[in-house]
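Novice:
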Amino acid sequence: MIFNSFYSFVFNSVSEIKPNYKSDFNSDSFYNLHAISIDGDKIDFKTFKGKKVLIVNVASECGYTNQYDDLQYLHRKYSNRLVILGFPSNNFGKQEPGSNVNILEFCQSNFGVEFQMFQKTDVIGENSHPVYKWLSSSTLNGWNDKSPKWNFYKYLIDEKGKLSKVLASSINPRDSIITDFIESD
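All residue numbers for the sequence shown refer to our numbering, where the first residue is 1 and numbers rise by one.
(1) Given 8 Å as the limit, is there contact between the stretch 34-42 and the stretch 54-66, that is, 3 or more CB pairs closer than that?
(2) Which residues does DSSP pair with residue 34 in a beta bridge?
(3) Does the beta-carbon of residue 136 have 16 or more other beta-carbons within 10 angstroms, so that it is buried, or is it exposed?
(4) Tell me, please, which residues DSSP counts as bridged to residue 54.
(5) With 16 as the cutoff for other CB atoms within 10 Å, does residue 97 come out buried or exposed?
(6) Look at the alpha carbon of residue 158 and the alpha carbon of residue 167, and state the distance between them as a whole number of angstroms.
(7) Pop quiz: residue 156 and residue 178 are said to be a contact at Cβ under 8 Å. What is the actual Cβ separation, rounded to whole angstroms?
(8) Straight-line CA distance for residue 107 to residue 60?
(9) Alpha carbon to alpha carbon, what distance is there between residue 29 and residue 9?
(10) Can you give me the Cβ contacts of residue 185 inside the same chain, cut-off strictly under 6 Å, excluding the 5 residues immediately before and after it?
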């Protein structure tokens with residue numbers, strides 16, 4: 001009973017967090033970031049200027065793993081205006097135990113993933129990836145201090161590099177919160 005109450009609180013209490021930007025926020029800071037792809041290539045985020053970005057910490061052995069299908073659907077439908085960035089992480093429940101090679105093979109063979117995947121990394125704590133430090137520091141992103149609470153936590157960045165929404169793992173990628181954001185001008 002206590003576990004179920006805790007589970008419900010952690011995963012369902014915050015479905016969407018909306019921005020209240022600090023006055024001195026510089027949205028160009030997002031475009032100064034980079035990450036190493038799951039294949040080992042450096043990806044500069046400046047290449048995402050003018051597109052909306054959905055960033056998700058992913059895991060292969062999670063109850064939300066089927067969201068890969070929905071992420072791939074969004075990738076196919078909106079590739080002209082949306083970039084999806086998947087960051088495998090073993091931070092929650094040890095649900096991403098494999099190597100980068102294992103993860104990529106799993107994603108491609110089970111879900112046909114074609115969107116940008118990055119090397120397995122930490123998304124919380126002192127050793128979190130610089131992208132996740134940016135996502136969870138109001139000093140860097142302008143308003144949000146919330147780190148991911150579980151796998152498949154979502155961050156939406158607008159086409160100008162501003163963090164626009166933070167969404168709980170339980171929010172499906174095809175939810176209108178996300179599709180309305182993608183389709184808005």
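Glycine residues also receive a C-beta, built at the ideal position from the N, C-alpha and C atoms.
Quantities reported herein were computed from a predicted structural model and do not represent experimental measurements.
Specialist: Reading off the structure:
(1) no
(2) In the sequence shown, residue 34 corresponds to position 34, counting from 1. The partner list for residue 34 (beta bridge, DSSP) reads 44.
(3) Translated into the one-based positions of the sequence shown, residue 136 becomes position 136. Burial call: buried.
(4) Counting from 1 along the sequence shown, the entry for residue 54 is found at position 54. 84 and 156.
(5) Numbered from 1 along the sequence shown, position 97 holds the residue referred to as residue 97. So residue 97 ends up on the exposed side.
(6) Locating residue 158 in the sequence shown gives position 158, counting from the first residue. Locating residue 167 in the sequence shown gives position 167, counting from the first residue. Looking at the two C-alpha atoms, the distance is approximately 14 Å.
(7) Translated into the one-based positions of the sequence shown, residue 156 becomes position 156. Translated into the one-based positions of the sequence shown, residue 178 becomes position 178. That belief holds up - the Cβ atoms of residue 156 and residue 178 are roughly 7 Å apart, short of 8 Å.
(8) Counting from one through the sequence shown, the residue named residue 107 turns up at place 107. Counting from one through the sequence shown, the residue named residue 60 turns up at place 60. About 8 Å.
(9) The residue given as residue 9 occupies position 9 in the sequence shown. The residue given as residue 29 occupies position 29 in the sequence shown. With a pLDDT of 47 at residue 9, under the threshold of 50, the predicted position of this residue should be treated as unreliable, though the coordinate-derived value follows. Distance between the alpha carbons of residue 9 and residue 29: 33 Å.
(10) Indexing the sequence shown from 1 puts residue 185 at position 185. Within the same chain, residue 185 has no close Cβ partners at all.
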